[in-house]
Amino acid sequence: MTTGYILIAAILILGGVIATVGDRIGTRVGKARLSLFNLRPKNTAVLVTIFTGGLISASTLGILFAADEGLRKGVFELEDIQTDLRQKREQLKTAETQKSQVESELNQARIAQTKAQQDLQVINQYLQAANAKQRQTQAQLNRTISQQAQTQTQLQRTQSQLAQVVPQYQKAIAELQSVYNQRKELQAAVELLKTERQRLYAEAKKAIDEAKTAIEKRDRELANRQEAIEVRDQKISQLDQLIQKRNVEVAAREQVIAKRESRLKELEAQQEQLEMEVARLEKYYQSYRDLRLGKLALVRSQVLAAAVIRITQPGAARQAVVQLLQEANRNANLELSEPGSNSANAELLRVTQDRIDQLSKQISDGQEYVVRIFSAGNYVRGEKQIEFFTDIARNQLVFSGGAVLATTTADSKTMTSYQLQQRLEILISASQFRARNAGIVEDVQVEGTFLRFVSQLRQYNQPLEIKAIAAEDTYTAGPLRVKLVAIVNGQIIFTT
């Protein structure tokens, strides 16, 4: 904190000293009526004042950049920091999705185990019922055998009475015949019961064998499922450890991000001014193409290849990534090849297997992504190797049809044709800037005839409001088609 106060005080003192010195120099130059570069003395004094103000700004920036390394990195490495943060967040989302899938599989395995235990209980109940039926049949057979023994005893008693009582012989013979008939009926009943017993015993044995086979099969299935559950538990524990580790890393990242965001808030005012200069500087970027031995073939952040990818089959993600990298390599060859050379198949992109695997994992969750490959720097014709970076974003709705992208005003009475056309170009540049901030890289396409719209503006002698609106629903893959609309008092007068 003390160092910050000292730094602020030093900047204020240095700015005051330089301003005072510049003012006195300008005063003396004005009094002495000196002339530099064939300028009037008054203009010479103004030039000295401007030089002094520039020296104050340069010294202030120099002191800030020399004293604070974080500020220097925040200004020059802001884009890299944001790209790294977006990739880390995507990795965290992927890990959370994998954890949810593993937990769902574990719940399904537990439900299957519970169902198998319920089936085993039903089989045990069926086996107990068969055993009870067998015991009932055995009891009935025992009663039949006991009744047969009683009949035999009664027959013997009757024979003894026949030997003793001759007059009752005929009656005993009749009773014996009756008992004999009853014996035959009982023997037939016993045979029937034996047959029923054998049938029930065979059915019970068959049911027991089937139950044993089912139990053994269920035991094997339960053992396999238990092993699968143990393996999944190990995976879940490993994923939990990985998630905890990544949570710690994310917390540390968030602390760093919080510090950087506080620095970024301080730079927002400067960033807004720079963004206003972007539209003007884009018109003059052609002047920087002539470098070293020839013209630039690739510029930094130029799109080498882009595609909308949705993976529906396992293993297709890697193939899609390889095809996109091959397309980017072909496009880079076309841009960097010297006229008349035959090097269309040269390996220009520095591609590693780890990078391919990383890109494949990011797009293999079945959702639709926009994958773009950019040039990492400025390259001239004849380069043998180039660096690149990728951007992966969900292909989602960015602008709905009819959404207002930018607004301006125009008045043909007070503005020339050139000023009207320049105002429309600024409106289109603002739409382009907003589209790029939303993740759409392709250039804005204006629907209709631009020159006819300018001609209609010149003919309309009244101030009006001009809006750039999205002509249709636009997704991350682009392109953004823009329609220019002229409005007066809330009513559309004409469009492109």
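Letter by letter, the sequence shown follows residues 2 to 497 of the numbering used here.
All C-beta atoms, glycine included, are put in the ideal place defined by N, C-alpha and C.
Everything numeric in this text was worked out from a predicted model, so none of it was measured.
Residues sharing a beta bridge with residue i, DSSP
i	result
Phe38	Its beta-bridge partners do not exist; DSSP assigns none.
Val103	Paired residue(s): none; Val103 is not in a bridge.
Leu465	Ala411
Ser376	Phe389
Ile470	Val405 and Lys484
Arg395	Tyr370
Phe400	Thr475
Leu86	Per DSSP, none; premise fails for Leu86.
Gln188	None; Gln188 has no bridge partner.
Val300	DSSP output for Val300 lists no bridge partner at all.
Phe495	Ala487
Gln446	Arg482
Ala308	Val372
Proximity below 8 Å, CB of residue i to CB of residue j
i	j	result
Ser376	Ala318	no
Ala469	Phe389	no
Leu350	Ile387	yes
Ile216	Ile124	yes
Ala461	Ile494	Inspection of the sequence shows that residue 461 is occupied by Tyr rather than by Ala. Result yes, Cβ atoms of Tyr461 and Ile494 sit closer than 8 Å.
Val372	Leu325	yes
Thr496	Val447	no
Ala308	Asn396	no
Arg247	Leu93	yes
Ile19	Ser60	yes
Arg382	Glu443	no
Glu466	Thr408	yes
Leu240	Val352	no
Gln368	Arg311	yes
Ala113	Arg233	no
Val486	Ala472	no
Ile9	Ile64	no
Asp366	Thr98	yes
Glu336	Ala298	yes
Lys134	Leu201	yes
8 Å CB neighbourhood of residue i in its chain, flanking five on each side removed
i	result
Tyr286	Residue placement at Tyr286 is poorly supported in this model, since its pLDDT is 47, which falls under 50; the coordinates still yield a value, given next. Here the set comprises Val300.
Glu91	Gln363 and Ile393
Gln139	Arg198
Ala96	Leu240, Leu243, Ile244 and Arg247
Ser302	Phe375 and Ser376
Arg254	Leu86 and Lys89
Lys284	With a pLDDT of 43 at Lys284, under the threshold of 50, the modelled position of this residue cannot be trusted, and the question is left open.
Ala259	none
Same chain, Cβ closer than 6 Å to residue i, neighbours up to 5 away in sequence not counted
i	result
Arg73	Phe66
Asp291	Summary for Asp291: the model assigns pLDDT 44, below 50, so the residue's position carries little reliability, and this model does not support an answer.
Ile374	Leu305, Ala306, Ala329, Phe389 and Thr391
Leu481	Ala436, Ile441, Val445 and Thr475
Val489	Leu465
Gln417	In the sequence on display, residue 417 carries Thr and not Gln. Taken in chain order, the list of residues that qualify is empty.
Nonlocal neighbours in the same chain, by C-beta distance under 7 Å from residue i, ignoring five residues either side
i	result
Leu421	Ala411, Ser413, Val455, Leu458 and Arg459
Leu398	Asp474 and Tyr476
Tyr289	In this prediction, Tyr289 scores a pLDDT of 47, lower than 50, which makes its location untrustworthy; the coordinate-derived value is nonetheless stated afterwards. For Tyr289, where only same-chain residues beyond five positions count, there are no Cβ hits under 7 Å.
Arg293	Reliability fails at Arg293, whose pLDDT of 46 lies under 50, so the model's placement of it is uncertain and the value that follows must be treated cautiously. Cβ neighbours of Arg293 beyond the five flanking positions: Val381.
Leu15	Ser60
Three or more C-beta pairs under 8 Å: does that hold for the region 309-324 against the region 401-419?
In the pairwise beta carbon analysis, the region 309-324 is classified as not touching the region 401-419: fewer than three pairs are separated by under 8 Å.
So within the region 332-369, which uninterrupted alpha helix (DSSP H) runs reach at least 4 residues, ignoring any that extend past its ends?
354-364
Where are the beta strand (DSSP E) runs, 3 residues long or more, that stay fully inside the region 403-436, in chain order?
405-411
Would you call the region 220-230 and the region 43-62 in contact, with 3 or more CB pairs under 8 Å?
no
Okay, do the region 195-210 and the region 96-111 touch, 3+ Cβ pairs below 8 Å being the bar?
no
With contact counted as at least three CB pairs below 8 Å, one residue from each stretch, are the region 50-57 and the region 17-29 in contact?
Verdict: yes, contact present.
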